[in-house]
Every structure is written in C-alpha cells, then in structure tokens.
Amino acid sequence: MRPPALAERPARNALCAVSLLGMLARGVPAAALPVPEPVAFTVERYVVEGENPLSPQDTESILSAHRGPKHGLDELTAAAKALEAALRARGFVLYRVYLPPQTIDQGTVVLKVKGMTIGSVSVSGNRYFSEQNVRRAVPPLIVGTTPSMLRVASALSLANDHPSRHISLNLKESRKPDTVDAELEVKDRKPWTVFSNFSNIGTPDIGRSRLSLGFQHTNLVGFDDAVTAIYTTSPENTSAVKQFGLNYRVPIYRLGGTAAFYYAHSDVNSGRIESVFDVSGAGDFYGLSYGQYLPKIANWRHQLGFGIEDRDFTNDVSFLGTPIGSNVRSRPINLRYDGEWRGEKFSGQFNLAYVRNLHGGANNNAASYARSRTGASRDWDLVRYGANVSYVLPRGFETRGFFEGQYAGEPLISGETFGVGGVSSVRGFEERGVTGDNGERLTFELWSPALPHGFRVLGFVDGARVERESPLPGEPGGDTIASSGLGLRWQWRENVACAFDYGHEFLAANERAAGGIKWHVNLLVRY
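Each residue of the sequence shown is one higher than the last, beginning at 56 in my numbering.
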C-alpha cells in the first residue's frame, strides 16, 4: 500500500484533499459514488523541524499522546495544535506549528515550527527618559528575534518597579511577512525630587520631633539607578540627634535582578529615617544585597535575595563620667524569599529570611558579646518572617492585615532583637519600646472609601508579644502589648501626604511596657 500523502496546512486551517480515483471524470452519477473511507495509518513518531524553543524531552512528552493508529488528517492536526498550545502556555506566543506536505513513511510525521520575529521597536511618550534608556529596560525585545513573551513580561515587571517611569508594550502586525512591530509607550516624570518629612517618633529626653531632609534621583547615570540621601535631626535638640542615610539601587535587566547598597549613621538608639532605613541602635551600618526575580507563577511574583551587612553598634552609656557601655558589632548575612500576589480585589505579600552572623571586625568577638549581654554568642542565627494582605470590600471599603515575626531561640545583642511599639508597629507606644529575642506583631485595619479632597479614615487594632531568652533575675521573660485607635490620611497630588493616628493602649504586660505617645503624626512634602 502506498503511504498517504499530506497536503500542506497549518495547525489552525488544515484542509484535506482526497482523490476519488477519477470517478467524476468518467461521468459516474453523484448518487452512485461510494462514500470514501478515511485514510488509515499509524504514527510511530513525530519529527519537529524549524525553530522549536522547547527541549526534545518536553516536545516528546507533549506529542507522545498523539502516537498510534490514526484515521484522517484531523488527528494529526490535533497533535500540531497540542504542541502550539504548549508553546503558548510557556510564553512562546509568537510561534506557529504547521503540518507540511509529506508522505507518511514508516510511521514518521513531520511538524514544522515557525516563529514570528520582531520587525521593529519604537518608543513613544517619553519626556525625561531617552529612547536608549527605555529599550535597555526591556532587553528581550531585539529586532530579528522571536522572544519568549514570559521573559518580556518579566522584564516589563522589573522595569515598572521604577518610581518615575511606566512602560506599556503593544504588538502589532508588521508590513513584512512573519514579523510583528513592538511599540513601547512611556509615561514618565522628572527623575529627581527633594523632600522633607516631619514626625513625632522621638523620645521625651532628647526631643519628640524629627525633621528629615532628603534628595532622590531615580536615573542618576542613565541606567535607572536610584540614589536616596536623607539627613534627620530633632528641631528641639539638633546636637543630640544626627542621623544620615544613603541608599543606592540599580536594576540589572539582563539578569532580571536588582543590586543595592546602603549606609546609615545614627547618634540615637531607634527610629526611622524617612521610609528607607530602620534604626535599631546607635552606630554605623553598611549593607550590600542582590535580589533575583524568579519566573512568575500566574499572579504570583517572587524573588530570592542575598545580602550582607556590617552593623557597628556604639554604646555611650556612662556612670559618674566613667564609660560603662560596651560597643559591639554584628556582620550578618541573610538569604531571603519574597513573594507578591496582585489581583483585582485581593493582594498579598509574604517574606521569609534566614540570618546568620559572620565573624570579623572589631568588637565582633566573644568578649564583646559577653560584655554587651550575658549569654549572647557571636555565632547567633535567627529566622524572620512576615506577610500582609488587603481586600477591597463593597462600596470602596478596604481591609488590611499585617504580620511579622522573628525567632532566634537564644539571647541576642540589643541591636538584633525584635522591637515592637511605635507608628509602624503597635501605635500608642514608644518606638521600639518593647524588645525581645523572639516575637510577633499583628495589625488589622479597616479603611473607608476615598473621601472628597483626598481624605480617608481608618480604624485599627495592633498587638504584639515578645519573649526574652535567659532573662536575668528581676527581668521579665516577655511582654504582650496591644492598642486600638483611629487614623486619618490626606494626600494632595503626589506632593503632600499626611498621616495622623491616635492609639489607645489597652494591654501592657508590665509598667516598663506601658504606652507613651498616643498621637502619631507624619507629614511628607515633595518638592
């Protein structure tokens, strides 16, 4: 029997032509024509030719279900459609699968894969960022290639982390055959800003108020690198409060990650330098980190990060003019996982980090740790974790929840303890007023819809617990604190943002943990 010959047809629009052996040419009446039997054959294997981006193993796994006895070309078309669907599911939406003309010999069927290439890339709408800068942010879009749209989507997601620029991609049919044109539409604003921040996160002894002045540039040398510099003091006591922070961040688009460096100096033991640096002790602090974005899973965007810090804590406590404080240093490395889910009404984030101290540097030794705290070891390690969720309710109401925690299982130096209390933790209490080696914090908020003139109101309940490992005689083994209250938010354009919170303490484990500040005020102005 002669092997069946197949006419060329793509996976979507295949046509089957069957010879009727010239019966119509001999004038046989149509009513007398016998019904043709489907062409029967057996498929032993598939050979995929062309630009197949899938591995041989993945291709074989997809097509293995389409081997065996076949009756007609529709069953071969199903195999081509299955391979094309698999390509699309993996982000290769610019690829097509065809069934070329062939004679099935020894059970072998040939499929061809053809990719549509990028014909041109254009940029529009950019005012502050150059065309070269925008195209550099989406490296998979190269003229003459067929990119994976999953890689393109990942690149756009990283590029749109930029605070001063947003890029949208449009693909349209090109005049050239088998090509598409890519258009990058940009919405941007000036990359630099000067800002000031006023808050009352201080303490009564050196001044409640804090005033920060800062500068940020989000495209310093043209590579979307962002630098932020902040100086903070207290208008009531400028000589006692001096905090400085410098942060540099640069995306590495070809790797799909971000590198960052920071330096901070503080003369006070706690506080927050704007929204960039959290301070857990006086001293000098350096850090270097890299975060690698992982392939996106549905709406789940996630990354794996690695970092190292050097934290030199200074203790200037003295008694009758004699220093009794002990300086101590930590040099922790951390491995961190972050994930984020964004939906129409629900969004959430999760993070998990393992932290371990390295040896090296002055005051990073057993003697310094023993002087800093009884039982503390320089070989400490711990786990930090956190999550937050938000859900949009009917009529514009919104619920938000926040959770974070730390577990060490051993005594830590004070700068590495888990601190709770304050505007970003348990409102109604002092900043880091309560600390422990282990602890958790939980917050629930209910937000109103957007009100006229940029206002929103909210109600909240905050709570936290901490545990101290190996407490000294007379020292509590832990604390539990909680508060509830109301908040007001107001924003004018992107220039002014105000936050007012009133926290009422309703649970404090002991007098030392009793709440202090009831009102929390924060005013941010961008120029």
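For glycine and all other residues, C-beta sits at the position ideal for the given N, C-alpha and C. Here the structure is a predicted model, which means the values were calculated and not measured.
List the endpoints of the continuous alpha helix (DSSP H) containing residue i.
i: D113; result: 111-118
i: D129; result: 129-144
Can you pull the DSSP bridge partners for residue i?
i: R366; result: F340, S385
i: F515; result: E500, G540
i: S289; result: Paired residues: none, contrary to the question.
i: H217; result: Answer is none; H217 lacks a bridge partner.
i: K242; result: H221
i: H559; result: S539
i: T283; result: Q271, N302
i: W545; result: F510, C553
i: L359; result: Q347, Y392
i: E459; result: G441, R496
i: S321; result: Q298, G338
i: D534; result: V521
i: V152; result: V168
So for residue i, helix, strand or coil by DSSP?
i: L467; result: coil
i: Y308; result: coil
i: R523; result: coil
i: G509; result: helix
i: R14; result: Summary: the structure shown does not reach residue 14, with the chain confined to residues 56 through 582, and so no result is reported for it.
i: S212; result: helix
i: V438; result: strand
i: G529; result: coil
i: E104; result: strand
i: A237; result: strand
i: R265; result: strand
i: C71; result: Its pLDDT being 33, under 50, C71 is placed unreliably in this model, and the coordinates cannot settle the point.
i: V276; result: coil
i: A431; result: coil
i: F147; result: coil
i: A353; result: coil
Can you tell me where the beta strand (DSSP E) holding residue i begins and where it ends?
i: L226; result: 220-228
i: A95; result: 95-98
i: G474; result: 473-475
i: F484; result: Premise fails: F484 is in no beta strand (DSSP E) and is neither H nor E.
i: L578; result: 574-581
i: P124; result: 123-126
i: F253; result: 247-254
i: T490; result: 489-491
Taking 7 Å as the cut-off, is the C-beta of residue i nearer than that to any heavy atom in the ligand NAP?
i: G451; result: In terms of ligand content, the structure shown is empty, and the ligand NAP therefore cannot be addressed.
Under 8 Å, with one C-beta from each stretch per pair, do the stretch 490-506 and the stretch 462-469 reach the 3-pair mark? yes
Hey, is the stretch 205-225 in contact with the stretch 237-257, meaning 3+ C-beta pairs nearer than 8 Å? yes
Report yes or no: do the stretch 471-484 and the stretch 504-524 share at least 3 C-beta pairs separated by less than 8 Å? yes
Measuring CB atoms only, is the stretch 378-393 touching the stretch 423-442, in the sense that at least three cross pairs come out at less than 8 Å? yes
In chain order, what are the residue ranges of uninterrupted alpha helix (DSSP H) at least 4 long that sit wholly in the stretch 164-210? 186-191
Report yes or no: do the stretch 146-164 and the stretch 198-218 share at least 3 C-beta pairs separated by less than 8 Å? yes
Is the stretch 428-443 touching the stretch 392-407, taking contact as three or more C-beta pairs under 8 Å? yes
Runs of 3 residues minimum, wholly inside the stretch 382-428: which ones carry the beta strand (DSSP E) assignment? 383-385, 387-397, 401-412
Using 8 Å as the threshold, is the stretch 498-517 in touch with the stretch 532-544, meaning 3 or more CB pairs across them? yes
The stretch 289-303 / the stretch 255-268 touching (three or more Cβ pairs under 8 Å): yes
Would you check if there are 3 or more beta carbon pairs closer than 8 Å linking the stretch 173-186 to the stretch 101-114? no
Flag this pair as touching only if the stretch 524-532 and the stretch 545-556 have three or more C-beta atom pairs under 8 Å; answer yes or no. no
Determine, using beta-carbon pairs with one atom in the stretch 306-316 and one in the stretch 340-347, whether at least three such pairs fall under 8 Å. yes
Are three or more beta carbon pairs between the stretch 128-143 and the stretch 151-163 nearer than 8 Å? yes
Taking contact to mean 3 or more Cβ pairs, one atom from each stretch, closer than 8 Å, check whether the stretch 268-278 and the stretch 499-515 are in contact. no
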